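This note's numbering puts the first residue of the sequence shown at 258, with every later residue one more than the last.
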Amino acid sequence: MQEKKYDYDEQIKNYFNEQYINTFSKVKGKLKDTSLNSLLGNETKQVLTDVAKRIELKGYSKLGKDALVNLIADNIKEIYSDLLGELTYKEVVLLEKLAEKDLNEYVFNIEDLHLIGGLNSMGLLFKLNINKDLYLAVAKEVKEPLKKLYTNNEYMENLKERSKGAAYIDGLMIHYGMLDGSEVYKLLTEGNCEFINKEDLDFYLNYIFRSYEAFKDANALIHPYVLSPVDIYSQISARPNVKYDYNNFEYLIKLGEDFKSCWTEEIKVLRKSLIENQVKEEDVDSLITELIFNMKNEIGTMSIVELLEKRGAVFMQGAKSSEELITAVADVYNSTPLWTLKGTTALELEERSKTIIRTEKKVGRNDPCPCGSGKKYKKCCGRNK
């Protein structure tokens with residue numbers, strides 16, 4: 258059973274990796290330069306069409322690729338200031354960092370997946386595959402107007418405050434993984450949140466549309482690292498009694514602004530244990546992030562151990578440090594909000610089930626189980642009673 262779980266986990270992870278690598282445009286021969294025309298010229302006709310739609314370009318449907326490249330490039334050059342004005346604080350900061358070099362060697366980072374995808378769809382950031390090496394590049398024409406924006410302290414301070422609504426959305430997506438699109442819209446339009454300005458509705462919606470994909474089977478938005486939307490949807494649909502908590506504003510904004518700032522004591526213990534088990538300190542934070550998001554996807558123990566070993570962790574049978582590492586990983590899993598449990602941790606759900614069963618006068622054996630699984634009580638928490 259465990260081997261079947263491992264095979265399935267590795268299959269969906271490999272599929273995700275293959276699909277993601279395929280989103281990087283293959284550069285034929287040597288990259289001429291990082292001008293907008295040169296970078297757009299490496300994109301497929303489909304990608305160019307998507308960019309044209311994103312920037313609301315007209316009259317491009319019958320154009321060949323070269324003509325489409327020129328039209329998009331000319332249009333983007335004219336509306337750079339408008340495009341940059343649509344960006345959130347985190348997008349501007351990331352883009353400015355990448356603009357320091359012509360080519361940035363790509364390092365996989367789950368925290369930036371939605372930002373990179375969104376900026377790429379606007380024609381502001383390009384994902385390149387050069388001889389199987391992956392790079393990110395900012396068009397040279399955008400660097401000067403971007404620098405002016407980034408060095409305008411008053412603008413950036415105001416943008417940081419304005420972007421709290423986007424951070425709230427990011428926090429929701431990190432915590433829950435999949436959310437009904439109409440629910441998110443309702444939160445933005447009907448919620449009583451001080452940090453959401455109704456006049457900025459288009460600002461928030463455009464950010465959502467470029468940053469998060471739609472899972473049409475459920476009319477839902479999904480985090481870019483949801484490995485199997487069908488599995489997640491199946492699990493959350495089986496828990497109708499587990500409710501979402503959209504009102505933990507401070508936590509959700511903090512989570513969206515800086516993922517690491519919400520790391521628990523269990524994660525800090527794991528970090529120390531990983532370093533003691535030979536993981537390089539400069540690599541440990543990215544490993545923990547990947548580990549947590551794998552847990553959110555309910556990736557099994559064998560795959561988790563393999564991930565740790567690939568990233569340098571050493572497991573020695575009987576060694577105290579190895580036993581402490583295993584315990585630390587288990588503690589992090591038990592305290593991590595899981596996407597399949599609607600953002601609830603395994604421990605919270607277990608405690609919730611015990612509390613409800615203890616306080617209810619009587620739960621019939623054929624009644625729905627109070628834990629929210631959707632199963633009958635006799636086939637779930639009341640199985641042995």
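Where is the CB? At the ideal position from N, CA and C, for every residue including glycine.
Predicted model only: the values in this text are computed from it and were never measured.
Check whether Val589 and Asn534 have beta carbons under 8 Å apart: No. Outside cutoff.
Run the CB neighbour count on Asp427, radius 10 Å, all protein chains shown included, and call it buried at 16 or more, exposed below. By the neighbour-count criterion, in which 16 or more other beta carbons inside 10 Å mark a residue as buried, Asp427 falls on the buried side.
Taking three-plus beta-carbon pairs below 8 Å as touching, is the segment 548 to 559 in contact with the segment 480 to 493? The segment 548 to 559, when compared against the segment 480 to 493, does touch it at the 8 Å Cβ threshold.
Which partner residues of Tyr392 appear in the DSSP bridge assignment? Bridge partners of Tyr392 according to DSSP: Glu362 and Leu385.
Return yes when the Cβ of Gly422 is within less than 8 Å of the Cβ of Phe643, no when it is not. No information on residue 643 is available, as it lies outside the stretch 258 to 642 that the chain covers here.
On a CA-only basis, which of Val395, Ile493 and Gly298 is nearest Leu351? Give me that one, please. Of Val395, Ile493 and Gly298, the residue nearest in Cα terms is Val395.
Once DSSP output is grouped into helix, strand and coil, what is the label at Thr593? In this structure, Thr593 counts as coil in the three-state DSSP scheme.
Contact set for Lys285: own chain, Cβ-Cβ below 8 Å, skip 5 residues either direction: Only Asn299 meet the Cβ criterion.
Pull up the CB-CB distance for Tyr469 and Leu478, whole angstroms please, since I reckon it's below 8 Å. Between Leu478 and Tyr469 the Cβ distance is about 5 Å, and since that is below 8 Å, they are a contact.
Just verifying my parser: in three-state terms, what is the DSSP assignment at Phe273? In the structure shown, Phe273 sits in a helix (DSSP, three-state: H, G or I).
With DSSP as the reference, label Ser485 as helix, strand or coil. Of the three classes helix, strand and coil, the one that applies to Ser485 here is coil, per DSSP.
Any contact of the segment 518 to 536 with the segment 588 to 604, i.e. 3+ C-beta pairs under 8 Å? Contact check between the segment 518 to 536 and the segment 588 to 604: three or more CB pairs, one atom from each, fall below 8 Å, which counts as touching.
Closer than 7 Å by C-beta to Leu444: which residues in its own chain qualify, once you throw out the five before and the five after it? Chain order, please. Cβ within range, chain order: Tyr503.
Quick one: what does DSSP say Phe452 is sitting in, helix, strand or coil? DSSP, read as helix, strand or coil, puts Phe452 in coil.
Segments assigned alpha helix (DSSP H), at least 4 residues, entirely inside the segment 468 to 521: The segment 468 to 521 contains these whole alpha helix (DSSP H) runs: 486 to 494 and 506 to 514.
Unbroken beta strand (DSSP E) run spanning Asp290, endpoints: Note, Asp290: premise wrong, no beta strand (DSSP E); not H, not E.
CB Leu381 to CB Phe281, shorter than 8 Å? At a Cβ-Cβ threshold of 8 Å, Leu381 and Phe281 do not count as neighbours.
Can you name, in chain order, every residue of its own chain whose Cβ lies under 7 Å from the Cβ of Lys599, other than the five neighbours on each side? The beta carbon of Lys599 lies closer than 7 Å to those of Tyr433, Ile493, Arg496, Val499 and Tyr501 in the same chain, with the five residues before and after it left out.
Could you check what DSSP says for Ser439 in three-state terms: helix, strand or coil? In the structure shown, Ser439 adopts helical secondary structure according to DSSP, grouped into three states.
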